[in-house]
Amino acid sequence: MKTSIVVGLTLSALLGSAFALAAPQSGPDPKMNYFVTSKGLGKGGNLGGIEGADRHCQALATAAGFGGKTWRAYLSTQARAGKPAINARDRIGKGPWYNYKGEVIARDLAHLHGDTLDVARLGNNITKLTNLTEKGEVVPGLNDGLNPRSREYAYMLEQTVSNRHETLTGSQPDGRAYPPGKDYTCNNWTSDEHGTSDNLRENKGANVQVGMSDRNGGGNGSWNSAHGTVGCSQQDLARTHGIGMYYCFASN
Amino acid sequence: MKKAGAVAALTVSLLSGVYVAYAGQQMPMSFFVTSVSVGKGGDLGGLAGADAHCAMLAQAAGSTGKIWRAYLSTQARPGQPAVNARDRIGQGPWYNSKGQPISQNQAELHGDTLEMAQRGSDLYKQSALNEKGVVVNGVGDTPNMHDVLTGSQLDGRAYTDNMDHTCNNWTSSGMGSAQVGHSDRSGGGSTSWNSAHASRGCSQQDLVGTGGAGLFYCFAIN
């Protein structure tokens, strides 16, 4: 009896050290200047404006030990009376950008966005496995954690393995803002209203353009501009498999 | 209660309807990644042998009435013009073995305009299924088999230089090299499905060595 306890203890000690050895990474690469937020702000598309979104990036980066850099959310805003549009691509510095593991996700703005035809066809290095959070986590994507409830925000919080690949950008594929008119930015990141329809293509109200962090699904696999949503509430984002994550880049 | 359930079901089907326009009338398979290779590296028995491999696998999977073409280019030889992979596969739209869209047309598949190229098509790891409906192993899976033979440039056309990009027009299992794409659109610093890098050589081991298995894409032209 006593022996079996000892054996059990030894086993668990051995297993424990095996797991410790198997840990893929001891910590973030010092070069990290890009991540997907490990969580959203919890108020749908209302991020407290683009400034609030930047603060969230900065706070997450600081918690990960990267507060010394200036962090910017990869988000566009649309033009308003007296206020010009802001293009996500103009906010994030010049690159190259590195993920948690120190892998290059794009060399420069042209590589990131595919500014010429061949570069666009070849693509950047943003994939499900390189698109890591500031904690080094892979974001669950298409077909992960399939469940009848996987479109409910409460469930997505509970079960962190379910698909949550929809990433807020408010941007066109080239990283620039949409023209004024139809909402693509949850009213410049201040709205958590419901849209006018539960069908993506018929929604004429509150809306946000999202990319696919896993480059799978959404009609094209674009990282930054796949399609819109059925609204800007937290539950609206959840309905098409998002929880309000977005991309953060260090601009310096 | 019953009503609420019905409303919920309707809402769900409306939502899925956004992407699943084919619900209820599944489109027959017109695209797949071969589940197995021919087994002789880059020697596929030429284009004819590769096409026959596509047809054989499709038939075994229960596909009927389709004419299958391997997505492969060949390079020009004296008296023989080059063949472009993109010119062999019809005009689309193409659907995988579960009836999910792969691409609406040639322009979307190859990104013929800047915006199309920036966006990409519906061909990604979770949709690039083999003829049996299984996702092909990619980066992070064991063994990785994502290197897919194409012998093609990014635009789906044959190479025009003097280097070998087609394992001698799909007849060599030794010397030479083949251009490959990645069925999971991951690895090597790009996301290209059809033109990511060159293979080390043309033997079966050479293809396995860089994360391949000698698989290729098959498209139905009708």
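Respectively, the protein sequence lines represent chains A and B.
The opening residue of the first sequence carries number 1011 in this note's numbering; numbering runs sequentially from there.
The opening residue of the second sequence carries number 134 in this note's numbering; numbering runs sequentially from there.
Idealized CB from N, CA, C, for every residue including glycine.
As the structure is a prediction and not an experimental result, all values here were calculated from the model.
Minimum C-alpha distance to residue i - residue among the options
{"i": "aspartate 220 of chain B", "options": "B:Thr343, B:Ala240, B:Met162 and B:Gly345", "result": "B:Ala240"}
{"i": "glycine 344 of chain B", "options": "B:Gly174, B:Leu247 and B:Pro234", "result": "B:Gly174"}
{"i": "isoleucine 354 of chain B", "options": "B:Val166, B:Gly198 and B:Ser206", "result": "B:Gly198"}
{"i": "serine 323 of chain B", "options": "A:Ile1253, A:Thr1087 and A:Val1114", "result": "A:Val1114"}
{"i": "glutamate 1176 of chain A", "options": "A:Gly1231, A:Lys1041, A:Gln1068 and A:Asn1056", "result": "A:Gly1231"}
{"i": "alanine 1073 of chain A", "options": "A:Pro1094, A:Ala1091 and A:Lys1049", "result": "A:Lys1049"}
{"i": "threonine 1239 of chain A", "options": "A:Ala1089, A:Lys1214 and A:Arg1099", "result": "A:Lys1214"}
{"i": "aspartate 245 of chain B", "options": "B:Ser319, B:Gly307, B:Asp288 and B:Gly179", "result": "B:Asp288"}
{"i": "glutamine 286 of chain B", "options": "A:Asp1128, A:Pro1183 and A:Asp1193", "result": "A:Asp1128"}
{"i": "glycine 1191 of chain A", "options": "A:Tyr1084, A:Gly1055, A:Gln1088 and A:Met1042", "result": "A:Gln1088"}
{"i": "valine 1220 of chain A", "options": "A:Lys1053, A:Asn1209 and A:Asn1234", "result": "A:Asn1234"}
{"i": "leucine 1119 of chain A", "options": "A:Gln1068, A:Asn1135 and A:Cys1196", "result": "A:Asn1135"}
{"i": "histidine 315 of chain B", "options": "B:Cys335, B:Asp294, B:Asp297 and B:Asn277", "result": "B:Asn277"}
{"i": "alanine 346 of chain B", "options": "B:Val169, B:Pro161 and B:Met162", "result": "B:Val169"}
{"i": "asparagine 1262 of chain A", "options": "A:Asn1197, A:Tyr1188 and A:Gly1103", "result": "A:Gly1103"}
{"i": "glycine 1155 of chain A", "options": "A:Glu1162, A:Ser1172, A:Glu1144 and A:Val1149", "result": "A:Ser1172"}
{"i": "glutamate 248 of chain B", "options": "A:Tyr1256, A:Ala1236 and A:Cys1242", "result": "A:Ala1236"}
{"i": "tryptophan 303 of chain B", "options": "B:Tyr204, B:Pro161 and B:Met162", "result": "B:Tyr204"}
Simplified DSSP state of residue i, which is helix, strand or coil
{"i": "valine 341 of chain B", "result": "helix"}
{"i": "glycine 274 of chain B", "result": "Checking the sequence shown, residue 274 of chain B turns out to be aspartate, not glycine. Three-state result, aspartate 274 of chain B: coil."}
{"i": "leucine 1247 of chain A", "result": "helix"}
{"i": "alanine 141 of chain B", "result": "Residue placement at alanine 141 of chain B cannot be trusted, given a pLDDT of 42 that sits under 50; what the coordinates show is reported in the next sentence. Reduced to three states, the DSSP call for alanine 141 of chain B is helix."}
{"i": "glycine 334 of chain B", "result": "coil"}
{"i": "alanine 1074 of chain A", "result": "coil"}
{"i": "glutamine 208 of chain B", "result": "coil"}
{"i": "tyrosine 1188 of chain A", "result": "coil"}
{"i": "valine 1281 of chain A", "result": "Any answer about residue 1281 of chain A is impossible in this case: the structure gives chain A only from 1011 up to 1262."}
{"i": "leucine 1156 of chain A", "result": "coil"}
{"i": "cysteine 300 of chain B", "result": "helix"}
{"i": "isoleucine 1060 of chain A", "result": "helix"}
{"i": "alanine 353 of chain B", "result": "strand"}
{"i": "alanine 203 of chain B", "result": "strand"}
{"i": "alanine 183 of chain B", "result": "helix"}
{"i": "alanine 218 of chain B", "result": "helix"}
{"i": "glutamine 1182 of chain A", "result": "coil"}
{"i": "tryptophan 1107 of chain A", "result": "strand"}
{"i": "leucine 247 of chain B", "result": "helix"}
{"i": "tryptophan 1199 of chain A", "result": "helix"}
{"i": "alanine 156 of chain B", "result": "In this prediction, alanine 156 of chain B has a pLDDT of 49, which is less than 50 and means its spatial position is unreliable; what the coordinates show is noted afterwards. It is coil, neither helix nor strand."}
Beta-ladder partner(s) of residue i, from DSSP
{"i": "glutamate 1176 of chain A", "result": "A:Met1222 and A:Gly1252"}
{"i": "histidine 315 of chain B", "result": "B:Asp280"}
{"i": "tyrosine 1257 of chain A", "result": "A:Val1046"}
{"i": "asparagine 263 of chain B", "result": "B:Val166"}
{"i": "tyrosine 257 of chain B", "result": "Paired residues: none, contrary to the question."}
{"i": "tryptophan 227 of chain B", "result": "B:Ser236"}
{"i": "serine 89 of chain B", "result": "Look at the range of chain B in this structure, 134 to 355, and you will see that residue 89 of chain B is not part of it."}
Contact under 8 Å by Cβ, residue i with residue j
{"i": "tyrosine 257 of chain B", "j": "phenylalanine 164 of chain B", "result": "no"}
{"i": "glutamine 159 of chain B", "j": "glycine 232 of chain B", "result": "yes"}
{"i": "asparagine 217 of chain B", "j": "arginine 333 of chain B", "result": "no"}
{"i": "alanine 1116 of chain A", "j": "tryptophan 1107 of chain A", "result": "yes"}
{"i": "valine 313 of chain B", "j": "valine 341 of chain B", "result": "no"}
{"i": "glutamate 264 of chain B", "j": "alanine 181 of chain B", "result": "no"}
{"i": "serine 325 of chain B", "j": "leucine 1247 of chain A", "result": "no"}
{"i": "glycine 1180 of chain A", "j": "serine 1036 of chain A", "result": "no"}
{"i": "arginine 1159 of chain A", "j": "histidine 1251 of chain A", "result": "no"}
{"i": "serine 319 of chain B", "j": "leucine 1139 of chain A", "result": "yes"}
{"i": "threonine 362 of chain B", "j": "alanine 215 of chain B", "result": "Outside the displayed span of chain B (134 to 355) sits residue 362 of chain B, for which this structure offers no information."}
{"i": "proline 1040 of chain A", "j": "glycine 1146 of chain A", "result": "no"}
{"i": "aspartate 317 of chain B", "j": "glycine 266 of chain B", "result": "no"}
{"i": "leucine 1070 of chain A", "j": "glycine 1254 of chain A", "result": "no"}
{"i": "valine 166 of chain B", "j": "valine 269 of chain B", "result": "yes"}
{"i": "glutamine 1244 of chain A", "j": "aspartate 1202 of chain A", "result": "yes"}
{"i": "aspartate 1184 of chain A", "j": "glutamine 251 of chain B", "result": "yes"}
{"i": "tyrosine 1165 of chain A", "j": "asparagine 1157 of chain A", "result": "yes"}
{"i": "alanine 1260 of chain A", "j": "lysine 1079 of chain A", "result": "yes"}
{"i": "threonine 283 of chain B", "j": "serine 328 of chain B", "result": "yes"}
{"i": "tryptophan 1199 of chain A", "j": "glycine 1062 of chain A", "result": "yes"}
{"i": "serine 230 of chain B", "j": "aspartate 255 of chain B", "result": "no"}
{"i": "asparagine 1056 of chain A", "j": "alanine 1187 of chain A", "result": "no"}
Inter-residue CB distance, residue i and residue j (contact presumed, cutoff 8 Å)
{"i": "glycine 223 of chain B", "j": "phenylalanine 352 of chain B", "result": "7 Å"}
{"i": "arginine 202 of chain B", "j": "aspartate 184 of chain B", "result": "6 Å"}
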